[in-house]
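Notes follow once the structure below has been shown.
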Amino acid sequence: MESTPHQSKPIALITAEIGWGSMKPAAEIAPQALLDAGLAERLDAKVYQVPCSPKMSEASPSYEETERIIVNHIFEVKATVVQAIQDGYFPVIIGGDHTSAVGFHAGLATVYGELGIIWVDTHPDLNTLETSPSWHIHGMVLAALLGRGSDVMLETGKACNTRDQQVAMIGTRDIDAGELAWLNEGNINCMTMDFVRRNGLKSAMEQAVTTATTDTNGFGLTIDIDVLDPIDAPFVATPVDGGIMLEELATELCEMPMRHKMRGLEVTEYTPRNSDDDEAACELVYTLITAALPTLV
0 MESTPHQSKP IALITAEIGW GSMKPAAEIA PQALLDAGLA ERLDAKVYQV PCSPKMSEAS
60 PSYEETERII VNHIFEVKAT VVQAIQDGYF PVIIGGDHTS AVGFHAGLAT VYGELGIIWV
120 DTHPDLNTLE TSPSWHIHGM VLAALLGRGS DVMLETGKAC NTRDQQVAMI GTRDIDAGEL
180 AWLNEGNINC MTMDFVRRNG LKSAMEQAVT TATTDTNGFG LTIDIDVLDP IDAPFVATPV
240 DGGIMLEELA TELCEMPMRH KMRGLEVTEY TPRNSDDDEA ACELVYTLIT AALPTLV
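Here you go:
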């Protein structure tokens, strides 16, 4: 029987400590808050910390300077993912804003070659400077991985050879006009919340895995916790009503087919409103990680 990455390897918990992409200082401190709440001990994980410099309290950069700060952090995340794999660990990113996704998927691709992407997120994150209403860079990260965006952002995604046809989205429900135009090209398998309600999350997960494993060497799984309904996850940067419930997502992650093809996991966008959120968020993130990687604990 083929051994799976998460059956044969312990977890590397990689903290992407950044808030510049969402412009939320709380996102920057979120990974440390999860560590302080005991996440690493509960997972028996080795911690690789990736702080961002400068911190949001230390600088007031221009947009171009902010973009460069983010790019530098992305490269550090990428290098840390590669190092963790070389050290014999299964990489699990915790954020922090979603700019970590570029370093995460580029790092996986550096080691494993062409991979698919399963993107479980309220937002497609397919914006560019030309289409983004907010100019917040955490909404441009999948675009950069797929080869669209500013020259500076495209530097970060070059290692990722993923094509649109190898990307599956689950739970999407807040789509900007420019993103919709891209999705209407028909190459990305976008299963919106309407799709999930009509067909079930199980069907969406099965289709996503098929998309991400066709003509690839496996896939990276990204979960932005704002895909969950705010009833279960109120502590995010951009909550949107009508999301997936935590119990349902955990159940389908436990039953996800082709798990041995998963090369890494990312759980991002915890944005604490105050320290009272940390215990509940730690429990939520722990639930998602152990559901996706049930043989680890």
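Residue numbers for the sequence shown follow numbering that gives the first Met the number 0, beginning at 0 and rising by one.
Ideal Cβ placement from N, Cα and C applies to all residues, glycine included.
{"Query": "Is it true that the CB of Pro-271 sits closer than 8 Å to the CB of Ala-100?", "Result": "no"}
{"Query": "Just to confirm, is the Cβ distance from Ile-93 to Trp-19 under 8 Å?", "Result": "no"}
{"Query": "Taking the alpha-carbon of Ile-13 as reference, which of Gly-37, Thr-79 and Val-70 has the nearest alpha-carbon?", "Result": "Thr-79"}
{"Query": "If you drop the 5 nearest sequence neighbours on each side, which residues of the same chain put their C-beta closer than 6 Å to that of Ala-280?", "Result": "Phe-234 and Tyr-269"}
{"Query": "If you reduce the DSSP assignment to three classes, tell me which class Val-266 lands in.", "Result": "strand"}
{"Query": "Between which two residues does the alpha helix (DSSP H) harbouring Gly-177 extend?", "Result": "176-182"}
{"Query": "Is the stretch 239-247 touching the stretch 73-91, taking contact as three or more C-beta pairs under 8 Å?", "Result": "no"}
{"Query": "So Pro-60 and Glu-16 are supposed to be a Cβ contact under 8 Å. How far apart are they, rounded?", "Result": "With 8 Å as the limit, Pro-60 and Glu-16 do not qualify as a contact, their Cβ atoms being about 17 Å apart."}
{"Query": "Any idea what DSSP makes of Tyr-47, helix, strand or coil?", "Result": "strand"}
{"Query": "By how many angstroms is the C-alpha of Thr-171 removed from the C-alpha of Leu-227?", "Result": "10 Å"}
{"Query": "Fully enclosed by the stretch 200-239, which alpha helix (DSSP H) runs are 4 residues long or longer?", "Result": "200-212"}
{"Query": "For the 8 Å Cβ check, are there 3 or more pairs between the stretch 150-160 and the stretch 198-206?", "Result": "no"}
{"Query": "Given that a residue counts as buried once 16 or more other Cβ atoms are within 10 Å of its Cβ, and exposed if not, what is Leu-179?", "Result": "exposed"}
{"Query": "Express the C-alpha separation of Asp-163 and Lys-84 in angstroms, rounding to a whole number.", "Result": "For the sequence presented, residue 84 should be read as Ile rather than Lys. Taking the straight line joining both Cα atoms gives about 26 Å."}
{"Query": "Would you kindly report the start and end of the unbroken alpha helix (DSSP H) that includes Ile-84?", "Result": "62-85"}
{"Query": "So who's on the other strand from Pro-90, going by DSSP bridges?", "Result": "Ala-11"}
{"Query": "Would you mind stating whether Thr-306 and Asp-86 have Cβ atoms separated by less than 8 Å?", "Result": "This structure does not reach residue 306, given that the chain is present from 0 up to 296, and the question cannot be answered."}
{"Query": "Using beta-carbon positions only, say whether Ala-11 and Val-91 come within less than 8 Å of one another.", "Result": "yes"}
{"Query": "Could you give the DSSP three-state label for Met-55: helix, strand or coil?", "Result": "helix"}
{"Query": "Of the residues Ala-44, Trp-134 and Trp-118, which one's Cα is nearest the Cα of Arg-22?", "Result": "One point to set straight first is that residue 22 is Met, not Arg, in the sequence displayed. Met-22 has its Cα closest to that of Trp-134, out of Ala-44, Trp-134 and Trp-118."}
{"Query": "Out of curiosity, what's the CA-to-CA distance linking Ser-52 and Ala-26?", "Result": "14 Å"}
{"Query": "Quick check on Asp-276: buried or exposed, where buried means 16 or more other Cβ atoms within 10 Å of its Cβ?", "Result": "buried"}
{"Query": "Met-192 lies in the alpha helix (DSSP H); which residues open and close that run?", "Result": "192-198"}
{"Query": "Indicate whether Ile-230 and Val-266 have their beta-carbon atoms separated by less than 8 Å.", "Result": "no"}
{"Query": "State the beta-bridge partners of Gly-115 as determined by DSSP.", "Result": "Phe-218"}
{"Query": "Please report the Cβ distance between Pro-123 and Ile-169, rounded to the nearest whole angstrom; I am assuming they are in contact, meaning their Cβ atoms lie under 8 Å.", "Result": "So it is not a contact: roughly 11 Å between Cβ atoms."}
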